[in-house]
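Using the UniProt record's numbering, read the sequence shown as starting at 1 and increasing by one per residue.
Comments concern the structure below.
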Amino acid sequence: MVGRLQRIEIENFKSYKGFQIIGPFKDFTSVIGPNGSGKSNLMDALSFVLGDQTRHLRVKKLSELIHGAVVERPVAKSAFVAVVYESEDKQETRFSRHIHGNTSEYKINNSTVRAEEYSAALEKIQIFMKGKNFLVFQGAVEAIALKNPKERCQMLEELSKSIELKEEYDNAKAEMEQAELETQTTYNKKKGMVAERKEAKMEKEEAEKFKRLKQEYSAKQMDLMQFKLYYNEQEIRTVKGELESKEKNLQKEHAARAEIEEEMKAKKKEQAKLQREAGQLEQEIKKAEFKINKKKPDHIRCKERMRHLQDKCNDCKKSLENARLANTAHVQETSHLEAELRKVQSLRDDWEQRQSQQYVSQGKDLQLADSQVQEYNRLKQQVAIETAGIQARLDDHEREYREDKDSYDAMVRHKNDIVSSYKRKETELSENQKRLSKLEEYISSSRQQIHELRQLAERLTEEINTANERLEKLQQELAEIDRQLGDASVERTESSRAQRKRELIENLKRLFPSVSGRLLEMCEPSHRKYQVAITKVLGKYMDAIVVDSESTAKDCITYMKEQRLEPETFLPLDYLDVAPIDEKLRGIKSPENVHLVIDVIHFDPPTIKKALQFACGNALVCETVEDARYVAYKTGGRKKTVSLDGTLFQKSGVISGGASELRARARRWDEKQVANLKNKKEKLQAELKDLMKIKRKEAELKNVQSSIQGLETRLKYTEKDRDTTEQKLKQSNEADLTDMGGELNKIDGEAAKLQIRMQQIHNLIEAEREKLNGVEDTVFRDFCAQIGVDNIRLYEERELRVAQDRDKRRMEYQQQIQKLTNQLEYERSRDTEAAIRRWEELLQEERGQMESLRAEEQKLKEQIEQEEAKKKTSESKLKTSRSQLEKLEEEFGEVRRRLGLKQKEITRCQKELTQCESRLETKRSQRHSLLRQAKMDGLELPLRQGSMDDIEDEYDEENVQAESQTIYAKEEGIVIDFRGLDKSLRKFEDPKVIQSKADSLRKEVDTLGAQLQNFAGVPNLRASDKLTTVEAELRETELGFEEARKKAKRAKATFESIKRRRYERFMTCFNSLADSIDPLYKSLSRNSGAQASLLPSNMEEPYLDEVQFQCVAPGKRFQQMDSLSGGEKTLASLALLFAMHKYNPAPFFFLDEVDAALDNTNIVIVISLKEEFYGRSDALIGICPDNDNSCLVSRVFTLDLSAYPDTMQEPLVHGQPPQQQQQQATPSKV
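So, in C-alpha cells, the structure goes:
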C-alpha cells in the first residue's frame, strides 16, 4: 500500500510559532531558505511526529521543543506536530504527537494510542522509524559511505527487515544448540548411567559389607564411649567427694591459721614492746660501756703503776725481808753467841765446880804429907836438873807442835769459811741464773705479747679506720638515697597485682633456673630523658619474661595454667627470629642526637641482648617530633623512629602518641629505680650495722693500747731488773768460785804438810818423853814405892792429868769464851737494823705512793664498778629481756613454725585441692571431649536426662576458663543411661584393669576402624537405593535421550526455517541493492566507467558477517571508500540511498542538504545548474526567519511549480524516477 504525505501541521514547535500548515506536498517538493531560517527544525518536526527519541532532536527534554522554551519564555504549555497521510484510495490518516510538559502523547485521527500501536500503524504504510528509510539528515550522506562493513550489514538487515528475525533466529539457534547439547548430554548421561549401574551393583555389595562393619564398629564405639563415660563419671563422683572433703579441710586449716595469725599478732606486739625495752637497755649499756671504756684506760694505767710499785714494794719487801733475815740472823747469831758464851761460861763454871769437888774427893785419897810434898818437889827439881836438856828439847818440840797445831786449826777455820762462801756464792749464782732465765722468759713472752697486741691494735686500727672511712661514705650514700627516695615520693604501697607478678617471677626463677626475669627488670635507660621513648618502643614487651628456650617457656605456661595465673608474654632466646642491627643507622649525623634505641639501654646480663634486639629492632630515638618525622620518611627509605615525648613513626606511615599514658607507664622505670634504691638502702643499713659493731671495737683498741702500755712499762722495769741481775752475775761469777776452789786446794795442801810435820814433831816429843820418863823413874823410884804407885807419872798423870785436863779444859773454855766474846763483839759491831730502817723507809715511801694510787684506783674502780653495776643491772635486765625475747622468740618461732606448718598444710591442702580441681577439670574436660567426640562421631548416646544438642561443639578461646565452666555446668544436666552397657564392663574397680579393658576395647575399635579405612573411600551406604535409582534414571535417560533427539530435530527444523526466511529477506534486499546500485552510481556520476558493487563476506549467512561496498570513481583506479573525496563519497552514498529507497519505497523521502559533502567542483556545478535543478521540482516551500528580538520565528511560503512548464530536456537520473519521490533540496548557498 503506497500513499503519499499530504501535509504537515505544526503548532508552537521549536521555531514555528502558533499553528502552521506546511503543504500540500507534491511528488517532488524542494524546501529552500537561508541558513538559520528553520529548515532543519522542519526535519526535527517530521522526526518528532514519527516517534523519534528526544536525544535525536537536539534537545535534552521534550519541554524544550515548545516555542520560546530555549529562552525560558515558552509561548504555551503544549505543542504538537501532525502529518496527514493520503492513501491510494484518497483516504487521509492523521498521525499526531503532542507535548505536555516533559511527556508526549500519540494520536491517530485524534484518538490517543500507545506508542507501540502508533509505530505499528506507521510501519503499515512503510514508515520504519528504526531504519529511518524516509529521512536523510545533514551529514548522514557521507556517514553512510563511511560505515564499516559490519555497520553496513546491520543497515541492510534493518532495511530488509531480516533483523526482525534476528531475535527469533538467535533464540532458535540457541534452542537448537541447546537441544543438540542436551542430546549429547543425554547420550553421555546414558553412557554414564550404564557405567554407574555397573558401579552401583559393586557399591551395593561393598556397602552391605561396609554396613555390617560399620554397625559392628559403631557398636564397639558405643561400648568404648559408654565404658569411658561410665568410669569417667565414677571418677568425677569420687573426685567431687574428695574435693568436698578437701575444701572442708582447707576451711578448717584457714580457720586454724587465722587463730595462729592472731596469736602471732599478739606475740609480735609483745615482742615489739620487749624489743623497745631491750633497745633502751642496750642504749644504757652502751652509755655505761662508753663511760667504762673511758675510765678503764686510766684505771689500767693506775693498776699498771700500782703493779710496778707493787713490784718495787715486793723488791723492797724482799730486800727488807733479807735485811730482817740478816738482822734476825744477826740477832740470833748474837743471841746464840751470847747463849753460847753463857753456856760455855756456865759449863766452865760447872766444870770448875765439879773439878773442885772432885779435887776434894780425890785429894782425900792422894793427899801427900808435907814431907812427901817437899820430897816430891826436891825430887822434881832433881829430875828437872837431870833432864834439863831433855826438857828443853821437849819444850821446843811441843812449842813447835802447838804452833803448827794453831796454824792447822786456822787453816781448817779458813777452809770452812771459804767452803761457806763458796756454797753461798754457788747458791747466789744459781738463784741469779734462775732469776735471769725467768726474767728473759718474761721479757720474751712480754715482747711476744706486745707484738701480738700491736698486731691486734694495728688490725683493729685498720678495721676501725676502714670502718670510719666506709661509715662516712655509707652515711653519705644513705643520705643521697634518702634524698632520692624523698624526691621520688617512694612512700607507695605495692598493689596486690604487682606483688603477684613479683612473686610469679620469684617462683619461676626458683622452679626454672633458666628464667632470666622480666625485660623491664634487666634493663634501664642510659638517661631519664629516654624513659618515655623506650617505653613506647618496647610496648607490650616491657613486662615480657625472658627465658632460654621454648621448652622452658612452655613449662612456665603449664605451671601458670595450673596455678590459674594471668597470661604472660615469654621471649624464648632460642626461638626469637631477630633481624641484624643496621650499622648504617649508627652513622646518622643529621639531625643530631639520633641513636638506635638499643644503644641507649643498659642491660644485664648480656644474654638478654637478643630479646632486647627483638623488642627494639632498628628503631631510632630522636630529640623532637620534627626530627623523628624527618628521619622516618625523608632520609632514604622508611624507618621506625620515636621522639623523646613518645611519638612513634611506623614504617607503614602510622603515627601514634599517647604521651600521658606513656608517662604513666614510663614511671615504672622510676619505680624500678626506687625498688633498687630500697634494696640498696637495706644492704647499706645492714653494712652500717656491721660497721657500727666494728666501730664499737674502739674501746677494745683502747684496752689493747693500755695493755701494750702496761706491758711496755713492766718490760722496761723487767729489763732493768735483768740488767741488775746480769750485773750481779758478773760480780759473782764462776771465776770467784774457781779462785775459791784453788785456795781450798792450796789450804788442803798446806794442811797436809802441817799434819806430816806435826806427826814428826809428835814423834820427837814421844822420844824425848821416854827419856824424861826414864830419868823420872830412876829419881822417883823410892818415892813411888813410898806412895804406892808404880811410877811418878801415874801420880802425876792422875794429878797432873787432872790438872792438865783441867788446865786444858779451862783453856778450851777460855778460848771458846774468847772466841765467842770476839764473835759477839763482831756481831754487836754490825748495824743490820740500818738496812732494815732504810728498806722500811723506802717501802713506806712506796707504800705511800701505793696508797695514793690505790685510792685513785679504788675511786676509778668504784666508778667503774658503779658503771659496771649499772651495766650489770642493765645487762641483767637486758638478759632477762633477751631471755624473755628469746623465750618469746622461741614461742614466736614456735607460733611461726606452727603457722609455717599450717601454711604448708594449707599449701598442701590447696595443692591437693588444686590437684583435685585439676583432676576434676581434667575429668570434666575428658567427659566434654568424650561427649563432643560422641556427637561428632554421630553416636546417639542413651540419655536419661538432657539432649545431645546440649553438648557444645567449641568455645571462645579468648575466655577459655569461664566458657569451659559454663559448658561443664550445662553438660552436667546430661545424664547417660548406662543400662545398655554390659554388666561385665561395669564391675571393674582397679584403674589398671579399667585402663587395660579400655585399651582392649580401643584396640577392637581401631581394628574395625582400620578395616573400614581399607575401603577405597567411604562406601555408599545407600548403594541399593542408588542401584534402583540408577536403573530408574537409566530408563528415564533413555526416554529423555529419545525426547532430546526429537526435540533437537524439531529445533533444527525450526532454526533452518527461520534461517531460510532471514536469508531470503536479507538476500532479496541485498540482491535488489546490488542490482540497482551500479546503474544509479553511473547515472549520478554521468559516466559509464564508474562502478559500484556490494559483496557479502559470508555467502551462507551474510547477515552474520560483513557487507563490502566498493566504488570506482570515473577516471580513477580502485580505492578504499575512506580514500575517496567528499563528492565521490556523497555520490556513492546517494547511489546506495537511492538503491535502498528503490527496494523499499516510503510514502515520502526527505533529504537534508545532500550537497553538503560535495566537493567544490560539484558545488559549482550544482550552483551553475541551480535553476534547472529547482526547475525539476513540482513545488517549492520557502522558509525565512522572522526575528522576534529574542526568539527565532520561522515563516513558511509555498509555491506550486506545476503551473509552470518543464523546460528541462534531460532527466535527473537515467531511467524513470519513482513517481512518489519527493525531495527537499536546500543548497548551502543561494
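No residue lacks a Cβ here, since even glycine has one placed at the ideal position from N, Cα and C.
All values reported here derive from a predicted model rather than from experimental measurement.
Span separating the alpha-carbon of leucine 573 from that of threonine 552
10 Å
Reducing DSSP to helix, strand and coil, say where arginine 1104 ends up.
Per the sequence shown, residue 1104 should be read as leucine rather than arginine. Helix, per DSSP.
Can you tell me whether DSSP reads tyrosine 1204 as helix, strand or coil?
coil
If you run the structure through DSSP and keep just helix, strand and coil, what is glutamine 1110?
strand
Spatial distance of threonine 558 from glutamate 989 (CA atoms):
Going by the C-alpha atoms only, they are around 31 Å apart.
Label tyrosine 16 either buried or exposed according to how many other C-beta atoms from any shown protein chain fall within 10 Å of its C-beta, with 16 as the threshold for buried.
buried
Pair every Cβ in the segment 166-178 with every Cβ in the segment 1067-1077, then say whether three or more of these pairs are closer than 8 Å.
No, the segment 166-178 does not touch the segment 1067-1077.
Three-way DSSP call (helix, strand, coil) for glutamate 105 in this model:
strand
Under the three-state DSSP convention, the category glutamine 961 falls into
Bear in mind that the predicted position of glutamine 961 carries a pLDDT of just 48, short of 50, making it too unreliable to give a figure here.
Who are the Cβ neighbours of arginine 722 in its own chain at under 8 Å, not counting the five residues just before and after it?
Closer than 8 Å at Cβ, skipping near neighbours: Leu436, Leu439, Glu440 and Ile443.
Report the rounded CA-to-CA distance for alanine 785 versus aspartate 404, giving the unit in angstroms.
39 Å
For proline 34, name the three-state secondary structure that DSSP assigns.
coil
Take aspartate 1178 as the anchor and find which of Ile836, Pro991 and Pro1205 has the nearest alpha-carbon.
Taking the Cα of aspartate 1178 as reference, the smallest distance to any Cα among Ile836, Pro991 and Pro1205 is reached at Pro1205.
With DSSP as the reference, label aspartate 574 as helix, strand or coil.
coil
In the DSSP assignment, what are the bridge partners of valine 631?
Its beta-bridge partners do not exist; DSSP assigns none.
Counterpart residues of glutamine 332 in DSSP-defined beta bridges
Partner(s): none; glutamine 332 has no beta bridge.
Which class does leucine 939 belong to by DSSP, given the choice of helix, strand or coil?
Coil, per DSSP.
Close beta carbons around glutamate 199, own chain, < 8 Å, minus the five adjacent residues each side:
none
Which residue from Arg897, Trp351, Glu912 and Asp349 puts its Cα closest to that of lysine 240?
Glu912
Classify tyrosine 1063: buried if its beta carbon has 16 or more other beta carbons within 10 angstroms, exposed otherwise.
buried
Among the candidates Thr328, Gln433 and Thr725, whose CA atom is the shortest distance from the CA of glutamate 827?
Thr328
Given this structure, state the Cα-to-Cα distance separating glutamate 105 from glutamate 1101, to the nearest angstrom.
41 Å
Residue from Thr387, Lys561, Lys246 and Gln275 with nearest C-alpha to threonine 922:
Lys561
Using C-beta distances below 6 Å, list every residue in its chain close to isoleucine 761, excluding the 5 sequence neighbours before and after it, in chain order.
Excluding sequence neighbours, isoleucine 761 sits near His397, Glu400 and Tyr401.
Would you mind sorting phenylalanine 1148 into buried or exposed? The rule is 16 or more other CB atoms within 10 Å of its CB.
Burial is judged here by how many other beta carbons sit within 10 angstroms of a residue's own beta carbon; phenylalanine 1148 has at least 16 and is buried.
Would phenylalanine 614 and alanine 632 be called neighbours here (beta carbons separated by less than 9 Å)?
no
Looking at C-alpha atoms only, which residue of Arg528, Val546 and Met522 is the closest neighbour of valine 515?
It is Val546.
For a quick check, are the C-beta atoms of valine 70 and leucine 5 less than 9 Å apart?
Not a contact, by the Cβ cut-off of 9 Å.
Label aspartate 956 either buried or exposed according to how many other C-beta atoms from any shown protein chain fall within 10 Å of its C-beta, with 16 as the threshold for buried.
Reliability fails at aspartate 956, whose pLDDT of 45 lies under 50, so the model's placement of it is uncertain and the value that follows must be treated cautiously. By the neighbour-count rule (16 or more Cβ atoms within 10 Å), aspartate 956 is not buried but exposed.
8 Å Cβ shell around methionine 522 - same chain, five flanking residues per side excluded:
Hits under 8 Å: Ser516, Val546, Phe603, Asp604, Pro605 and Ile608.
Quick one: what does DSSP say asparagine 12 is sitting in, helix, strand or coil?
strand
When we look at the beta-carbon of glycine 1127 and count the other beta-carbons within 10 Å, is it buried (16 or more) or exposed?
Taking all protein chains shown into account, glycine 1127 has 16 or more neighbouring C-beta atoms within 10 Å of its C-beta and is therefore buried.
Where leucine 576 and valine 600 are concerned, what is the direct C-alpha to C-alpha distance, given to the nearest angstrom?
22 Å
Span separating the alpha-carbon of glutamine 448 from that of glutamine 455
10 Å
Look at the alpha carbon of serine 876 and the alpha carbon of arginine 305, and state the distance between them as a whole number of angstroms.
Rounded to the nearest whole angstrom, the C-alpha separation of serine 876 and arginine 305 is 33 Å.
Would you give the residue range spanned by the alpha helix (DSSP H) that glutamate 151 belongs to?
149-160
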